[in-house]
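The structure appears below as structure tokens.
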Amino acid sequence: MAAFATKQSMLLLLLLSLLLLIGVSTGSFYDNFDITWGNGRANIFESGQLLTCTLDKISGSGFQSKKEYLFGKIDMKMKLVAGNSAGTVTTAYYLSSKGETWDEIDFEFLGNVTGQPYVLHTNVFTGGKGNREMQFYLWFDPTADFHTYTVLWNPLNIIFLVDGIPIRVFKNNEAHGVAYPKSQPMKIYSSLWEADDWATQGGRVKTDWTNAPFSASYRSFNDVDCCSRTSVWNWVTCNANSNSWMWTTLNSNQLGQMKWVQDDYMIYNYCNDLKRFPQGLPTECNLG
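Following the UniProt record's numbering, the numbering of the sequence shown begins with 1 at its first residue and continues without gaps.
As structure tokens, this is what we get:
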């Protein structure tokens with residue numbers, strides 16, 4: 001009987017090990033991304049589960065997705081540059097198409113001096129035009145641990161989320177003449193780079209290179225709920241009838257969460273910047 005129990009335990013452990021191996025292979029950076037620049041400053045570890053980008057005085061580093069996406073729910077966990085990160089920009093990730101009239105969805109993190117909070121910078125480009133910036137402080141230290149940053153992009157809206165909490169929505173207002181990204185496939189790009197001419201307090205605070213190399217880390221990439229392709233002939237298509245994220249909008253609880261974030265942590269909203277738009281705010285700002 002004891003021998004039978006031992007065999008059962010061994011089989012259970014083997015099954016758990018197999019499940020863990022299957023889990024480890026999910027979201028591998030080896031499978032999903034190419035390191036595109038940095039000359040060895042970006043590296044993949046832990047069997048594809050951890051990617052790090054570094055920045056020194058010579059160069060930053062970056063990577064991009066192997067796939068292109070046309071709508072999707074995309075998650076990435078990040079831990080940002082610790083300490084004095086002034087002058088650095090960590091692009092958590094942005095989605096972008098190609099060409100002069102590109103579309104783009106931005107999550108960017110603007111570094112700061114020690115003790116001062118990061119600025120989370122968001123933007124949406126359509127047809128090569130952006131100017132839709134919203135900026136936030138975070139309600140936690142993004143350098144102490146990994147946190148999840150999500151873009152949910154469907155035909156109805158683009159939702160930016162942090163740890164599952166919505167911070168911003170850009171709605172499809174094509175009926176009111178506002179362009180919306182819906183036809184240009186986008187790749188995911190991410191990088192750590194130096195931008196001390198503008199990134200920290202409008203460029204007043206410069207990068208202190210005695211703190212280099214700077215490093216940001218990425219984990220837990222997830223693009224399961226996406227329409228994607230690896231080539232023009234190989235689409236993973238989506239159906240709004242069977243893929244619920246294709247018609248997801250914010251519920252009343254999420255709207256309350258977003259109001260909390262925007263009331264307490266938003267530091268810039270282009271829709272409130274009358275000086276910037278003396279001829280009138282962009283159309284979407286008046287649509288609610």
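We put the beta carbon where it would ideally sit given N, CA and C, even for glycine. These numbers come from a predicted model, not from an experiment.
Range covered by the beta strand (DSSP E) that runs through residue i
i           : result
residue 266 : 266-269
residue 62  : 61-65
residue 42  : 42-45
residue 53  : 50-55
Sequence-distant residues of the same chain with beta carbon closer than 6 Å to residue i, five excluded per side
i           : result
residue 141 : none
residue 187 : 64, 65, 68
residue 171 : 157
residue 97  : 103, 184, 186
residue 29  : 44, 48, 51
residue 70  : 185, 227
residue 235 : 229
Counterpart residues of residue i in DSSP-defined beta bridges
i           : result
residue 227 : Partner(s): none; residue 227 has no beta bridge.
residue 238 : For residue 238, which the question treats as bridged, DSSP gives no partner whatsoever.
residue 78  : 147, 218
residue 96  : 104, 187
residue 72  : 153, 226
residue 260 : Looking at the DSSP assignment, residue 260 forms no beta bridge with any residue, so it has no partner.
residue 37  : 62
Alpha helix (DSSP H) segment containing residue i, residue limits
i          : result
residue 31 : 29-32
Own chain partners of residue i with C-beta closer than 7 Å, once the 5 adjacent residues on each side are dropped
i           : result
residue 57  : 209, 212
residue 248 : 152, 154
residue 23  : Confidence in residue 23 is poor, its pLDDT being 36 and thus under 50, which makes the residue's placement too unreliable to answer from.
residue 25  : Caution applies to residue 25, whose pLDDT of 38 falls short of 50 and renders its modelled position unreliable; the value that the coordinates give is listed next. Nothing meets the Cβ criterion.
residue 125 : 102, 103, 104
residue 128 : 100, 101, 102
residue 118 : 80, 109, 110, 111, 112, 138, 142
residue 12  : In this prediction, residue 12 has a pLDDT of 39, which is less than 50 and means its spatial position is unreliable; what the coordinates show is noted afterwards. Here the set comprises nothing.
residue 27  : 220, 221, 222
residue 174 : 180
residue 182 : 155
residue 237 : 227
residue 39  : 59
Own chain partners of residue i with C-beta closer than 8 Å, once the 5 adjacent residues on each side are dropped
i           : result
residue 93  : 74, 76, 107, 149, 151, 188, 189, 190
residue 306 : No statement about residue 306 is possible, as the shown extent of the chain runs from 1 to 288 and does not include it.
residue 122 : 106, 107, 108, 133, 134, 135, 136, 160, 167, 168
residue 239 : 246
query: Do the region 264-284 and the region 116-133 meet, that is, are 3 or more Cβ pairs less than 8 Å apart?
result: yes
Every unbroken alpha helix (DSSP H) within the region 111-188, with a cutoff of 4 residues, ordered by chain: none
Contact between the region 252-262 and the region 162-177 (3+ Cβ pairs under 8 Å): yes
- prompt: Taking three-plus beta-carbon pairs below 8 Å as touching, is the region 30-45 in contact with the region 110-125?
  reply: no
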